[in-house]
């Protein structure tokens, strides 16, 4: 795979009441163009990762919408795969370059969620779940609470273990100027926060967010003047599982994560031990515990205590830092943007441009983006 | 470009009150697998073209939804580009094969529209238009009526010319068992039908439809046992224009169609004169007149009389038959399915399997799928 990331940018994530989707898209894409020192006219296609523009915004021609807004009249596509829309957009863009159809393309991940009533957003988000889950009134905190209960029963994972994920990711977010949250959390704050779906509390859940992130990708056919900042995508892999939890063989893992990771390691020719930095899909604290095990960093039932011991925290990590951006929990989760932002963060880390949250000596990074409760998983591996 | 279409199938299009989206998807995809004599386990990825599952159905994880339903747990993607979603899904699938990531993939175009109130469907369809158009209360018949008025003023096109498109396409549909309409139209019937947005009458407009169509695509890396039925995709091209009519340089053409066609002819190494059969996007009768000119079959202002003279009608065509399936007008327009069904029809024509609507001696065919009022256009060229 010979794809270079030559430009990256992200807006601040958060409750961006005064910023329109158009303005978010411009900030992200023009930021990535500036970063790459590439003129707009060089972009040959636009891939938009977004989940909710139709349900919340009434707009379902989103590729052409943003290509017009950005002044690039190029082939444009919206890729939807629930909360994995951003990761799928990157995968689709990578394949479009490898195909030879396009040489240099832009990927925009974007979501505007706070303009709507929280009840409407929660209902729309259940569009990622199975029909049975939606019609029976399940919510995503409820589904991940089920996964947490199974993990606690099988492996002795505790609510304090869950809290440790939130505390770590808020610590990392406090070092990230673009993160939604900058306040550090204490174990008491997490434990005393409102119960959302037991055992998950408010501070176990990622927030509702606005934001946009963008990448410029190019093939080795194109020479870039800024080679020092070029980071390679060395694997791009997708896997699916059943939409609903009821149909799964097991609830102690997300099979799609395991399969996407296996394919990605094979494509990249690496093992999990080679990875120095990971951005993974911690939509709820339990999701980070599951992902560290499903990606192969820890054996089943062993990641929760490791997180608590600081083994994947900046400053105390053994060999791999997880979610240095703050993750979905601390940095925010504008759903279509998340999978793209994860790659922006890994690129900044591998370039050595991550400021106070820089992971030292990382040469290989991984991103992990999930749709729904594991119906889709996307894994990318990047290297400098 | 070395992509073979090895299997095709489509459901009947129409008001399919008793058939669920799940059942439509199964009929189309399993039909294509049967057609290709390929087992389900050979399919490595699924590309779904759909516009309205979120707005009308509350489901926004559609790739994983259908991969579960079809029992193929493979990487799955929903591609959205308004009424061009089906064509964009094919383009994306083609690129994913050319990239080397997947060898044999399924494309499913699907839409279920009649389960909802017509007002809600009309509102949702305006998700393909610009914000200004939506918020000012414009509808798609209204936008295409504007295009018709300009064409009438510039070139002397008449309402009888518009009617001739509907009459031809209903004639073709009467020969197609899967078409929504089988009744022939007379000029009097069209002229006396209810005014929707002058000069467009009810019988100038494509209907609201349910339906699904599927393709199996494979690379030349895969050997197929049924080579006699293999049809090649020799060009796959996409172009965009502004979403809204107000921003266009001219209203006498759809620039995106012209640009996508130009790219496609170049990829295929052919000229428009080589094409023997076309499925094009006649969402309104004026759209067929515009498309025949924008694709280069006729000079500007010359296609309307040619259609009326029967130059693109089965049985009397000079050298190219247009919309032998009945087009969107006669065969129906389940929006996400349309771009896929067009390719199904061309494949059947090139194989010589089109029954009563068979175009004689066509060796090269073209499909043309449009999103909104021309914000997106997708052109594919196929050859046997």
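Residue numbers (the working numbering), protein chains in the order written: chain A, 1 to 384; chain B, 385 to 768.
C-beta: ideal position from N, C-alpha, C; glycine also.
Please read these numbers as outputs of a predicted model, since none were measured by experiment.
Residues bridged to residue i [DSSP beta-bridge criterion]
i, result
"residue 616/B", "388/B and 767/B"
"residue 492/B", "432/B and 598/B"
"residue 181/A", "Answer is none; residue 181/A lacks a bridge partner."
"residue 366/A", "278/A and 381/A"
"residue 406/A", "In this structure chain A extends from 1 to 384, so residue 406/A is not present and cannot be described."
"residue 462/B", "80/A and 432/B"
"residue 799/B", "Given a span of 385 to 768 for chain B in the structure shown, any question on residue 799/B remains unanswerable."
"residue 706/B", "662/B"
"residue 585/B", "579/B"
Residue i and residue j closer than 8 Å at C-beta
i, j, result
"residue 234/A", "residue 382/A", "yes"
"residue 170/A", "residue 183/A", "yes"
"residue 296/A", "residue 268/A", "no"
"residue 79/A", "residue 29/A", "no"
"residue 581/B", "residue 525/B", "yes"
"residue 698/B", "residue 687/B", "no"
"residue 374/A", "residue 86/A", "no"
"residue 275/A", "residue 320/A", "yes"
"residue 278/A", "residue 380/A", "no"
"residue 602/B", "residue 487/B", "yes"
"residue 710/B", "residue 560/B", "yes"
"residue 474/B", "residue 620/B", "yes"
"residue 397/B", "residue 595/B", "yes"
"residue 598/B", "residue 429/B", "no"
"residue 569/B", "residue 551/B", "yes"
"residue 272/A", "residue 324/A", "no"
"residue 69/A", "residue 26/A", "yes"
"residue 666/B", "residue 672/B", "yes"
"residue 768/B", "residue 654/B", "no"
"residue 538/B", "residue 685/B", "yes"
"residue 204/A", "residue 457/B", "no"
"residue 494/B", "residue 423/B", "no"
"residue 706/B", "residue 664/B", "yes"
"residue 532/B", "residue 571/B", "no"
Under 7 Å by beta carbon: chain D residues contacting residue i
i, result
"residue 752/B", "Of the protein chains in this structure, namely A and B, none is chain D."
Simplified DSSP assignment, three categories, for residue i
i, result
"residue 282/A", "coil"
"residue 84/A", "coil"
"residue 187/A", "helix"
"residue 639/B", "helix"
"residue 168/A", "helix"
"residue 722/B", "helix"
"residue 137/A", "coil"
"residue 634/B", "coil"
"residue 394/B", "strand"
"residue 375/A", "coil"
"residue 240/A", "strand"
"residue 266/A", "helix"
"residue 103/A", "coil"
"residue 476/B", "helix"
"residue 43/A", "coil"
"residue 59/A", "coil"
"residue 684/B", "coil"
"residue 22/A", "helix"
"residue 361/A", "coil"
"residue 158/A", "coil"
"residue 535/B", "helix"
"residue 73/A", "coil"
Whole-Å CB distance - residue i paired with residue j, under 8 Å assumed
i, j, result
"residue 438/B", "residue 517/B", "Between residue 517/B and residue 438/B the Cβ distance is about 20 Å, and since that is not below 8 Å, they are no contact."
"residue 290/A", "residue 328/A", "Not confirmed; about 13 Å, so no contact."
"residue 761/B", "residue 563/B", "24 Å between Cβ atoms; not a contact."
"residue 606/B", "residue 392/B", "Not really, about 17 Å apart at Cβ, beyond 8 Å."
"residue 718/B", "residue 497/B", "6 Å"
"residue 449/B", "residue 584/B", "Actually they do not touch by this definition, with Cβ atoms about 35 Å apart."
"residue 468/B", "residue 754/B", "6 Å"
>> By the 8 Å beta-carbon criterion, what residues does the segment 448-464 of chain B contribute toward chain A?
In response: Under the 8 Å Cβ criterion, the segment 448-464 of chain B contributes 448, 449, 451, 452, 457, 458, 459, 460, 461, 462, 463 and 464.
> Using Cβ-Cβ distances below 7 Å, what residues of the segment 687-714 of chain B are close to chain A?
Replying inline: For the segment 687-714 of chain B, which is checked against every Cβ of chain A, not one residue is closer than 7 Å.
> Listed from N- to C-terminal order along the chain, which residues in the segment 89-117 of chain A have their beta-carbon within a distance smaller than 9 Å of any beta-carbon of chain B?
Replying inline: For the segment 89-117 of chain A, the set of residues with a beta-carbon nearer than 9 Å to any beta-carbon of chain B comprises 91, 92, 94, 95, 96, 97, 98, 99, 100, 101 and 102, in chain order.
>> Output needed in chain order: residues of the segment 115-147 of chain A with a Cβ under 7 Å from some Cβ in chain B.
In response: Near chain B, meaning a CB-to-CB distance below 7 Å, the residues of the segment 115-147 of chain A are 127, 128 and 134.
> Quick one, which residues of the segment 613-625 of chain B are near chain A if we go by CB-CB under 9 Å, in chain order?
Replying inline: Per Cβ criterion, the list reads 620, 621, 622, 623, 624 and 625.
>> By the 8 Å beta-carbon criterion, what residues does the segment 730-764 of chain B contribute toward chain A?
In response: Of all residues in the segment 730-764 of chain B, 755, 756, 759 and 760 have a Cβ within less than 8 Å of some Cβ in chain A.
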